[in-house]
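S.K.: Before we start, here is the structure in question, set down as structure tokens.
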Amino acid sequence: MADERLIDTFVELADTLTDDFDVIDFLHLLVDRCVELFDVEAVGLLLADEHGHLRVMASSNEHARVLELFQLQNEEGPCLDAFATGVRVSSADLHSATSRWPRFAAAATEAGFAAVDALPMRLRSQVIGALNLFHARSGALPTTALRSAQGLVDVATIGLLQERAIRHQEVITEQLQTALNSRVVLEQAKGLVAERLGVTMDIAFTTLRTHARANNQKLGDVARLVISGHTSTRDLLASTAVRPEQPSRQRQSRNPE
Amino acid sequence: MTTADSVGPGARVRIWAAEHAASTGQPVSVAVLCETAMDRLGVSGVTVTVEAPPGWPETRYATDQLGARLAELQITVGEGPCLDVWREGGPVLVPILDAPAIQRRWPLFGPLAVEAGAGALFALPMAIGTIRVGVLALHRTRPGHLAADSITDSLAFAELALRLQLDRHAGAHPTADADLRLHAPEVHQATGMIAAQLDVSLEQAFVRLRARAFADQQPLAELAADVVARRQRFDPAGEAS
Chain V
218 MADERLIDTF VELADTLTDD FDVIDFLHLL VDRCVELFDV EAVGLLLADE
268 HGHLRVMASS NEHARVLELF QLQNEEGPCL DAFATGVRVS SADLHSATSR
318 WPRFAAAATE AGFAAVDALP MRLRSQVIGA LNLFHARSGA LPTTALRSAQ
368 GLVDVATIGL LQERAIRHQE VITEQLQTAL NSRVVLEQAK GLVAERLGVT
418 MDIAFTTLRT HARANNQKLG DVARLVISGH TSTRDLLAST AVRPEQPSRQ
468 RQSRNPE
Chain G
252 MTTADSVGPG ARVRIWAAEH AASTGQPVSV AVLCETAMDR LGVSGVTVTV
302 EAPPGWPETR YATDQLGARL AELQITVGEG PCLDVWREGG PVLVPILDAP
352 AIQRRWPLFG PLAVEAGAGA LFALPMAIGT IRVGVLALHR TRPGHLAADS
402 ITDSLAFAEL ALRLQLDRHA GAHPTADADL RLHAPEVHQA TGMIAAQLDV
452 SLEQAFVRLR ARAFADQQPL AELAADVVAR RQRFDPAGEA S
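Going down the list, the sequences are from chains V and G.
Convert by adding 217 to the 1-based position in the first sequence; the result is the number in the working numbering.
Convert by adding 251 to the 1-based position in the second sequence; the result is the number in the working numbering.
Below is the structure:
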């Protein structure tokens with residue numbers, strides 16, 4: 218992981234902290250850069266809602282299997298532990314983590330991952346979420362990489378909370394709840410697109426994202442426009458190479474995803 | 252029965268609302284929820300406005316005149332925290348209404364709200380993504396911050412109000428799930444898929460999803476997962492009711 222790439226990433230992230238800020242785009246940028254910088258397989262960022270449920274806000278890999286690995290960690294796993302304790306939680310070899318996290322370790326190794334790190338997102342005395350790194354090979358990340366990763370996590374926290382001197386819980390709540398709601402809008406849009414185009418959720422996500430980039434729009438805005446009908450399926454297809462499968466009524470015999 | 256202290260905010264507000272309802276011999280309704288929230292959150296009053304249809308707010312219940320007045324003012328002047336929740340996508344919490352920044356933000360509503368006797372106003376969306384059902388508004392006659400615990404509980408009250416209002420829209424189906432499983436992404440994905448399958452709004456799609464979960468006695472998140480995996484479909488002919 219080159220120092221220059223890391224510096225570029227910090228600059229890139231800082232550049233997005235403008236009036237035009239879109240939290241979903243920002244967090245997706247962060248997770249994608251983490252994959253490159255730390256040479257890992259998958260990265261996910263989770264935030265806790267008011268009930269303490271950890272919700273995926275952005276993932277470098279939107280395949281159902283990977284997303285489920287994040288979701289599972291509401292019951293057990295490194296993210297839950299990092300969220301509860303406020304410290305980094307790692308496993309260099311998931312095969313030997315089966316007594317620590319029986320369900321999670323089994324699901325993660327089955328998905329092809331061998332090691333994992335979870336870094337807490339901290340704001341003063343609160344832990345608001347966690348960043349999850351999944352590795353294809355066993356072994357621990359070097360200390361410098363872990364420090365850089367925590368630095369990026371801290372940038373993510375600042376980017377999310379958008380205020381340099383947050384004094385009151387009201388501001389934190391407004392911004393976290395707004396961010397959580399943005400992800401819900403994205404999930405609703407994914408469902409609409411997946412159904413209309415006859416594709417899986419991760420392809421629906423990619424379609425929305427490709428359209429946003431091609432038209433210089435925020436992903437969050439595209440999601441809303443698709444839901445409201447202002448952006449049509451035809452508009453989305455024009456920006457991508459995706460072609461729809463059979464029309465809805467003929468898809469009864471389709472295999473489950 | 253679990254005590255309110257030992258559970259999360261969702262269960263806690265349900266227990267409180269049930270206790271209040273039982274003590275007054277009524278079922279849990281939006282009115283009961285507002286009165287319970289007022290008691291429990293340390294605020295002067297609670298108001299629920301609903302959007303029926305979306306974009307047309309009307310006051311569903313107000314615990315006092317001031318709450319109703321604040322809701323009415325915002326509709327009249329076309330600005331205010333309860334309208335801004337839709338623009339921001341999240342709560343708009345104003346602990347001190349009589350502050351220069353606030354008066355600048357809402358130049359019409361700000362002074363009128365203070366004049367009407369409001370010191371603080373906390374507006375929470377009753378919403379699921381783009382599904383806009385209404386706003387839960389808490390007001391105080393004196394300015395002041397909401398305690399962190401009260402903020403958490405107020406979010407849970409907003410979610411309960413959302414559910415009560417959805418139940419009302421759906422013709423008061425009791426449902427298999429006490430909570431809406433909003434943290435499960437497949438619920439939202441399924442909502443989108445059903446909206447496309449039936450060519451209806453997201454809100455109607457969500458109502459249908461809940462209705463089928465109840466009819467089939469299946470947990471909501473499980474049915475949602477079936478829809479996403481395409482093991483279950485919603486067909487316009489089959490959804491005639």
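Each residue gets a CB set at the ideal place from its N, CA and C atoms; glycine is no exception.
Roughly how many whole angstroms lie between the Cα atoms of V:Leu397 and G:Trp357?
M.R.: If you number the first sequence from 1, residue 397 of chain V lands on position 180. If you number the second sequence from 1, residue 357 of chain G lands on position 106. Answer to the nearest angstrom: the Cα atoms are 26 Å apart.
S.K.: Could you tell me which residues DSSP puts in a beta bridge with V:Phe351?
M.R.: Numbered from 1 along the first sequence, position 134 holds the residue referred to as residue 351 of chain V. Beta-bridge pairing by DSSP links V:Phe351 to V:Ala259, V:Val333.
S.K.: Exposed or buried, which one is G:Trp267 when buried takes at least 16 other CB atoms within 10 Å?
M.R.: Here residue 267 of chain G refers to the residue found at position 16 when the second sequence is read from its first residue. The residue in question, G:Trp267, is buried, as its Cβ has 16 or more Cβ neighbours within 10 Å.
S.K.: For the region 399 to 416 of chain G and the region 435 to 455 of chain G, state whether three or more C-beta atom pairs, one from each stretch, are separated by less than 8 Å.
M.R.: Verdict: no, contact absent.
S.K.: Whole angstroms are fine: how far does the CA of V:Gln394 sit from the CA of G:Gln354?
M.R.: Numbered from 1 along the second sequence, position 103 holds the residue referred to as residue 354 of chain G. Numbered from 1 along the first sequence, position 177 holds the residue referred to as residue 394 of chain V. C-alpha separation (whole angstroms): 24 Å.
S.K.: Please say whether G:Arg432 and G:Ala472 have beta carbons closer to each other than 8 Å?
M.R.: Counting from one through the second sequence, the residue named residue 472 of chain G turns up at place 221. Counting from one through the second sequence, the residue named residue 432 of chain G turns up at place 181. Taking 8 Å as the cut-off, the beta carbon of G:Ala472 is found closer than this to the beta carbon of G:Arg432.
S.K.: Look up G:Ala281 in the DSSP assignment and say whether it is helix, strand or coil.
M.R.: Here residue 281 of chain G refers to the residue found at position 30 of the second sequence. Sequence check: residue 281 of chain G is Val here, not Ala. Helix, per DSSP.
S.K.: Where does V:Phe238 land, buried or exposed, given buried means 16+ other C-beta within 10 angstroms?
M.R.: Locating residue 238 of chain V in the first sequence gives position 21, counting from the first residue. It counts as exposed.
S.K.: Going by C-alpha distance, which of G:Ala288, G:Gly329, G:Glu323 is nearest G:Ala367?
M.R.: Locating residue 367 of chain G in the second sequence gives position 116, counting from the first residue. G:Ala367 has its Cα closest to that of G:Glu323, out of G:Ala288, G:Gly329, G:Glu323.
S.K.: According to DSSP, is G:Pro394 helix, strand or coil?
M.R.: Your numbering for residue 394 of chain G matches position 143 in the second sequence. G:Pro394 falls in the coil class under three-state DSSP.
S.K.: Per DSSP, G:Pro308 is paired with what?
M.R.: Along the second sequence, one-based indexing puts residue 308 of chain G at 57. BP columns for G:Pro308 point to G:Glu302.
S.K.: Note down the Cα distance separating V:Ala332 from V:Ile420, rounded to an integer number of angstroms.
M.R.: Position 115 of the first sequence, counted from the first residue, corresponds to residue 332 of chain V. Position 203 of the first sequence, counted from the first residue, corresponds to residue 420 of chain V. Cα to Cα, the separation comes out at about 27 Å.
S.K.: I'd like to know if V:Arg354 contacts chain G, where contact means its C-beta is closer than 8 Å to some C-beta of that chain.
M.R.: Here residue 354 of chain V is taken as the residue at index 137 of the first sequence, counted from 1. So, not an interface residue.
S.K.: In chain G, what lies closer than 7 Å to V:Lys407 by C-beta?
M.R.: For the purposes of this step, residue 407 of chain V is taken as residue 190 along the first sequence, with counting starting at 1. Neighbours of V:Lys407 on chain G, chain order: Gln440, Gly443.
S.K.: Beta carbons nearer than 8 Å to chain G: which residues of the region 329 to 348 of chain V have them?
M.R.: none
S.K.: Please list the residues of the region 315 to 345 of chain G that have a C-beta atom closer than 9 Å to any C-beta atom in chain V, keeping them in chain order.
M.R.: Of all residues in the region 315 to 345 of chain G, those with a C-beta nearer than 9 Å to a C-beta of chain V are Glu339, Gly340, Gly341, Pro342, Val343, Leu344, Val345, reading in chain order.
S.K.: Which residues in chain V sit within 8 Å of G:His390, going by Cβ to Cβ distance?
M.R.: Within the second sequence, the letter at position 139 stands for residue 390 of chain G. Those do not exist, as G:His390 stays about 14 Å from chain V at its closest Cβ, beyond 8 Å.
S.K.: Out of G:Ala269, G:Thr310, G:Arg463, point me to the one whose CA is closest to G:Val384's CA.
M.R.: Reading the second sequence from its first residue, position 133 is the one you call residue 384 of chain G. If we check each option's Cα against that of G:Val384, G:Thr310 comes out closest.
S.K.: Output yes if chain V places a C-beta closer than 8 Å to the C-beta of G:Leu292; else output no.
M.R.: What you label residue 292 of chain G is simply residue 41 of the second sequence in a count that begins at 1. No, its Cβ sits nowhere closer than 8 Å to a Cβ of chain V.
S.K.: Among the residues of its own chain, which have a CB less than 7 Å from the CB of V:Leu409, if the five just before and after it don't count?
M.R.: Numbered from 1 along the first sequence, position 192 holds the residue referred to as residue 409 of chain V. Cβ within range, chain order: Val443, Ile444.
S.K.: Just to make sure I have the definition right: I need the residues of chain G whose C-beta is within less than 7 Å of the C-beta of V:His270. Which are they?
M.R.: Taking the first sequence and counting its residues from 1, one reaches residue 270 of chain V at position 53. Per Cβ cutoff of 7 Å: His434.
S.K.: Closer than 6 Å by C-beta to G:Val343: which residues in its own chain qualify, once you throw out the five before and the five after it? Chain order, please.
M.R.: Locating residue 343 of chain G in the second sequence gives position 92, counting from the first residue. Hits under 6 Å: Pro332, Asp335, Val336, Ala374.
S.K.: Assuming contact is defined by CB atoms lying nearer than 8 Å, are V:Leu230 and V:Gly376 in contact in what I supplied?
M.R.: Position 13 of the first sequence, counting from 1, holds the residue named residue 230 of chain V. Position 159 of the first sequence, counting from 1, holds the residue named residue 376 of chain V. Yes, the Cβ-Cβ distance between V:Leu230 and V:Gly376 is below 8 Å.
S.K.: Rank G:Ala462, G:Phe465, G:Ala350, G:Phe457 by C-alpha distance to the C-alpha of G:Leu372 and give the top, closest one.
M.R.: Position 121 of the second sequence, counted from the start, is the residue given in the question as residue 372 of chain G. Ranking the options by Cα distance to G:Leu372, first place goes to G:Ala350.
S.K.: Got a sec, what are the start and stop residues for the beta strand (DSSP E) G:Ile250 sits in?
M.R.: What is shown of chain G runs 252 to 492, which leaves residue 250 of chain G out entirely.
S.K.: Evaluate V:Asp256 with the Cβ neighbour count: other Cβ atoms within 10 Å of its Cβ, from every protein chain shown; 16 or more gives buried, anything less gives exposed.
M.R.: Taking the first sequence and counting its residues from 1, the one referred to as residue 256 of chain V is at position 39. V:Asp256 is exposed by the Cβ-count criterion.
S.K.: Let me check one thing: in DSSP terms, what residues is G:Ile382 bridge-paired to?
M.R.: Mapped onto the second sequence, residue 382 of chain G falls at position 131. The partner list for G:Ile382 (beta bridge, DSSP) reads G:Ile379.
S.K.: What residues from the region 402 to 420 of chain G come within 7 Å of chain V, judged by C-beta to C-beta, listed N to C?
M.R.: For chain V, the residues of the region 402 to 420 of chain G that bring a beta carbon within less than 7 Å of one of its beta carbons are Ile402, Thr403, Leu406, Ala407, in chain order.
S.K.: Secondary structure at G:Gly296, three-state DSSP: helix, strand or coil?
M.R.: As a first step, residue 296 of chain G must be located in the second sequence, where it is residue number 45. Of the three classes helix, strand and coil, the one that applies to G:Gly296 here is strand, per DSSP.
S.K.: If G:Leu363 and G:Leu292 are in contact, beta carbons under 8 Å, what's the gap, nearest whole angstrom?
M.R.: By 1-based counting over the second sequence, the position of residue 363 of chain G is 112. By 1-based counting over the second sequence, the position of residue 292 of chain G is 41. Actually they do not touch by this definition, with Cβ atoms about 24 Å apart.
S.K.: Given a limit of 7 Å on CB to CB distance, which residues of the region 429 to 461 of chain V reach chain G?
M.R.: Arg441, Ile444
S.K.: Residues of the region 472 to 484 of chain G in Cβ contact with chain V at a cutoff of 8 Å, in chain order, please.
M.R.: Val479, Ala480, Arg481, Arg482, Arg484
S.K.: Spatial neighbours of G:Arg320 within its chain, please: CB distance less than 7 Å, with the 5 preceding and 5 following residues excluded, ordered by chain position.
M.R.: Within the second sequence, the letter at position 69 stands for residue 320 of chain G. Same-chain partners within the cutoff: Ala367.
S.K.: Heavy atom of the ligand SAH less than 7 Å from the Cβ of V:Asp249, yes or no?
M.R.: For the ligand SAH, the structure offers nothing, since it holds no ligand at all.
S.K.: Name the DSSP bridge partner or partners of V:Ser307?
M.R.: Taking the first residue of the first sequence as 1, we reach residue 307 of chain V at position 90. Looking at the DSSP assignment, V:Ser307 forms a beta bridge with V:Asp334.
S.K.: Could you compute how far the alpha carbon of V:His245 sits from the alpha carbon of V:Ala275?
M.R.: Residue 245 of chain V sits at position 28 when you count from the first residue of the first sequence. Residue 275 of chain V sits at position 58 when you count from the first residue of the first sequence. Taking C-alpha positions only, V:His245 is separated from V:Ala275 by approximately 5 Å.
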